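Asks: -17 is the number of the first residue of the sequence shown in my numbering; add one for each residue after it. Note that beta-carbon positions come from the ideal geometry of N, C-alpha and C, so glycine has one too. If you're wondering where the values come from, they're calculated on a predicted model, not measured in any experiment. Could you have a look at this structure, given as structure tokens, before my questions?
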Amino acid sequence: MAERERTMKCLRAGVEMARGAFGERARHLHVVWKLLEHAVDVIDRLPDQEKGWLIAGNRSGGWNHIGMTAGEANIIEKIRLMSAMKPGDGSSRVAPQRDDIDNAMEVLSWLRLIDDDRLRRAAVVLARKGDTEAVRRIYCPNRKPSRHVAFDVRTRAAGRIITALRHTMGIAPAPGLQFVENAK
């Protein structure tokens, strides 16, 4: 029951975001997509503690506490980049608040509701404001470049999340850009 309440709280916040971005043209798909974009942004703004631990030796007069050379640190940074982790420490002046992080984690947990792995990965890249060419390579590598790929990823990912929320939690879209809880 608590999960449904957290989901409804996130959806209410998403309705406000979608109305702010799209005005009267906002639809249920826009609500879910704006929540996904916001969640990815919040997580990206979190400080990267692992990076801080890895470069701690660089701040202590050049002596590295964990015994890494500069070359080894560069190799680790390359591995982080190849693993789709952010380069650098990602520190920002405004740290997300606890409620923002909780809401972001709830929204990101909805990604497990998308059964297509390529669609899930492409949606995260697109929500991160990634290049549409990278999204195309992930989602449909055999298709010619087109501006429709980003639209397809956005609508299919949000649509699958809305459908899964209806089937798993009994939360359905209602007229007037609302979401209602139905008895399962």
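#1: Compute the Euclidean distance between the alpha carbons of T(-11) and L90, then round it to the nearest angstrom.
#2: Taking Cβ positions, are A140 and V14 nearer each other than 7 Å?
#3: Bridge partners for V162 per DSSP, in chain order?
#4: Look at the Cβ atom of R118, then the Cβ atom of V131, and state whether they are nearer than 7 Å.
#5: Might you give, ordered along the chain, the residues of its own chain that have their beta carbon closer than 7 Å to the beta carbon of R102, omitting 5 neighbours on each side?
#6: Should N164 be labelled buried (16 or more other beta-carbon atoms within 10 Å of its own) or exposed?
#7: What does a CB cutoff of less than 7 Å around T137 pick up in its chain, not counting 5 residues either side in sequence?
#8: Please give the ranges of any alpha helix (DSSP H) in the stretch 94 to 147, keeping only runs that are unbroken, at least 4 residues long and fully inside the region.
#9: What separation, rounded to the nearest whole angstrom, lies between the Cα atoms of G61 and V162?
#10: Where does S73 sit, in a helix, a strand or coil, going by DSSP?
#11: Using C-beta distances below 7 Å, list every residue in its chain close to K16, excluding the 5 sequence neighbours before and after it, in chain order.
#12: Spatial neighbours of I25 within its chain, please: C-beta separation below 6 Å, excluding the five flanking residues on both sides.
#13: With burial defined as no fewer than 16 other Cβ atoms inside 10 Å of the residue's Cβ, what is the status of P155: buried or exposed?
#14: Between R9, D81, A8, L108, which lies nearest to L18 when the distance is taken from Cα to Cα?
#15: Looking at the unbroken alpha helix (DSSP H) that takes in R9, where does it start and where does it end?
#16: By a C-beta neighbour count over all protein chains shown, 10 Å radius and 16 as the cutoff for buried, is I120 buried or exposed?
Replies: Based on what the coordinates show:
#1: Approximately 11 Å, taken between the alpha carbons.
#2: yes
#3: A154
#4: yes
#5: L93, I96
#6: exposed
#7: L11
#8: 99 to 109, 114 to 121
#9: Residue 61 is actually Ile in this sequence, not Gly. Near 44 Å, if we compare the C-alpha coordinates of V162 and I61.
#10: Any answer about S73 is weak, because its pLDDT of 44 lies below 50 and its placement is not dependable; what the coordinates show is given next. In the structure shown, S73 sits in coil (DSSP, three-state: anything other than H, G, I, E or B).
#11: G(-4), M(-1), A0, A3
#12: A86
#13: buried
#14: L108
#15: Where R9 is concerned, there is no enclosing alpha helix (DSSP H), given that its DSSP letter is neither H nor E.
#16: By the 10 Å Cβ count, I120 comes out buried.
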